[in-house]
Amino acid sequence: MPKPLDLDFRNWRLWMAITCLLIAGTLLPYKVSVTLTPSLKHRVYWLTRNPDCVGRGEYVLFHDKELAARIGMKKSEDMMKLVGCNEGDQLTVDAEKKFYCNGEYLVRAKDFSLKGEPLQHFAFSGTVPKGAMFVMGEHKDSYDSRYFGFVDKSRILAKAYPIF
Numbered sequence: 014m015p016k017p018l019d020l021d022f023r024n025w026r027l028w029m030a031i032t033c034l035l036i037a038g039t040l041l042p043y044k045v046s047v048t049l050t051p052s053l054k055h056r057v058y059w060l061t062r063n064p065d066c067v068g069r070g071e072y073v074l075f076h077d078k079e080l081a082a083r084i085g086m087k088k089s090e091d092m093m094k095l096v097g098c099n100e101g102d103q104l105t106v107d108a109e110k111k112f113y114c115n116g117e118y119l120v121r122a123k124d125f126s127l128k129g130e131p132l133q134h135f136a137f138s139g140t141v142p143k144g145a146m147f148v149m150g151e152h153k154d155s156y157d158s159r160y161f162g163f164v165d166k167s168r169i170l171a172k173a174y175p176i177f
């Protein structure tokens, strides 16, 4: 006669841990994002998949295949930036390449990259078009809207909240 299945407590805990890790591994990439670039102050962000209402000063995760290829991103086409100026806001840039949103200073564009390559500047003064946003990093060397222009809001994948 066969013996009844003997559930050893240690084996049960091991299988439970494996199951939890599998579930977490499946769900967390859609809830947590880690950025290693010095472009932003924070490294870990909690993501919400309801990016309909994104405002100035909020972080966004967006997808841009063309931009990623242009700057040589190989692993991902998703980028995390801060919304510096939103649709309907007044974006201006002066002769010194300083960008302002509604009169508030945002950032200054550089003439050369860290590699010494000349940088094209985004030249725009006026109302940010509907469905667009000016995104920026928090580091002076961030490659952001100062150089590539507006990002279409339809490219937003998630709103991001810094954890640490």
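Take any residue in the sequence shown, count from 1 to its spot, add 13: that is its number in the working numbering. Note that CB positions come from ideal geometry on N, CA and C, so glycine has one too. Since the model is a prediction, treat every value here as computed from it, not as a measurement.
Does the Cβ of residue i have 16 or more other Cβ atoms within 10 Å, making it buried, or fewer, making it exposed?
i	result
Pro177	The sequence given here places Phe at residue 177; Pro does not occur at that position. Flag for Phe177 reads exposed.
Arg159	buried
Tyr174	exposed
Phe112	buried
Asp124	exposed
Pro64	buried
Would residue i pass as a contact of residue j if the rule is Cβ separation under 8 Å?
i	j	result
Glu100	Lys143	yes
Lys172	Glu71	yes
Ile169	Val57	no
Val67	Val96	yes
Val106	Phe137	yes
Lys181	Val47	Lying before the first or after the last residue shown, residue 181 is absent from the chain, which here runs from 14 to 177.
Phe161	Leu80	yes
Leu127	Asp154	yes
Quick check on residue i: does DSSP put it in helix, strand or coil?
i	result
Lys177	For the record, residue 177 in the displayed sequence is Phe; it is not Lys. In the structure shown, Phe177 sits in coil (DSSP, three-state: anything other than H, G, I, E or B).
Lys143	coil
Ser46	strand
Phe163	coil
Leu74	strand
Ala81	helix
Leu27	helix
- What runs of the beta strand (DSSP E), each 3 residues or longer, lie entirely inside the segment 86–130? Given a length threshold of 3 residues, each whole run of the beta strand (DSSP E) inside the segment 86–130 is given here in chain order: 91–99, 103–106, 111–114, 117–121.
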